[in-house]
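S.K.: I'd like to ask some things about the structure below.
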Amino acid sequence: MSDTISPAAGGSESRPAGRTLTGSTGAGTAPETRGRTTIADSVVEKIAGMATREVPGIHSLGSGVARTLGAVTDKVPGGRSSVSRGVKVEVGERQAAVDIDVVVEYGVAIVDVAAEVRTNVITAVERMTGLEVVEVNLAVDDVHLPDEEDDEVGEGRVQ
């Protein structure tokens, strides 16, 4: 029994089966050229969401409707909180653009919080994915006042 192999010069060569072949292993080839890595939008959304939540002065993420629906989902058995609520991304092969809806705490300097969110999101996404973040757009949808209850769906008035 023999195996047919194709040597580098072309043609074919017959060798006995079970014999170890020697040749180029590709060890000199850079690892990044040996395949393709794709990163889903949802992965970048989660990273950006977590990076945004780490910034002092951020109360929550998402527009009013998204927060309300999320609060309901959180209360449903088996439902879980989404760290990417309020975050939308566009991911290309090498770049990402991020849009974030936030609610800030009353009294914070919104411009400073926005700058810190941008820095934190860019750093986290670029470090964890290798993608270049071309823009981080923030929409401040609301200000959370100290005496306001959270937008979570609370217990009913009647038990």
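Be aware that the sequence shown starts at 73, since it is given in the numbering used here, and climbs by one per residue.
Heads up, the beta-carbon is just placed ideally off N, CA and C, and yes, glycines get one too.
Source: prediction; values computed, not measured.
1. Which residues in the same chain as S156 place their Cβ atom closer than 6 angstroms to its Cβ, once the five residues preceding and following it in sequence are excluded?
2. So V208 and R190 are supposed to be a Cβ contact under 8 angstroms. How far apart are they, rounded?
3. Is the segment 173-188 close to the segment 103-118, with three or more CB pairs under 8 angstroms?
4. I'd like the list of long-range same chain contacts for M200, defined as Cβ closer than 8 angstroms, with 5 residues on each side in sequence excluded.
5. Measure the Cβ-Cβ separation of A123 and A196 and say whether it is below 8 angstroms.
6. So, is A102 buried or exposed, given that buried needs 16 or more other C-beta atoms within 10 angstroms?
7. Assuming V212 contacts V176 (C-beta within less than 8 angstroms), just tell me the rounded distance between them.
8. Which stretch, first to last residue, makes up the alpha helix (DSSP H) that contains D113?
9. Determine the DSSP secondary structure at A169, reduced to helix, strand or coil.
M.R.: According to the data block:
1. Counted from its first residue, the sequence shown places residue 156 at position 84. Excluding sequence neighbours, S156 sits near E117, K118, G121.
2. Residue 208 sits at position 136 when you count from the first residue of the sequence shown. Residue 190 sits at position 118 when you count from the first residue of the sequence shown. That pair is a contact at about 4 angstroms.
3. No, they do not touch.
4. Residue 200 sits at position 128 when you count from the first residue of the sequence shown. Excluding residues within five positions, the ones whose Cβ falls inside 8 angstroms are I119.
5. Here residue 123 refers to the residue found at position 51 of the sequence shown. Here residue 196 refers to the residue found at position 124 of the sequence shown. With a cutoff of 8 angstroms on beta-carbon distance, A123 and A196 are scored as near each other.
6. By one-based count along the sequence shown, residue 102 stands at place 30. So A102 counts as exposed.
7. One-based indexing of the sequence shown puts residue 212 at position 140. One-based indexing of the sequence shown puts residue 176 at position 104. Rounded, the Cβ-Cβ distance is 6 angstroms, consistent with contact.
8. If you number the sequence shown from 1, residue 113 lands on position 41. Its alpha helix (DSSP H) spans residues 113-125.
9. Your numbering for residue 169 matches position 97 in the sequence shown. The answer is strand: DSSP assigns A169 an E or B state.
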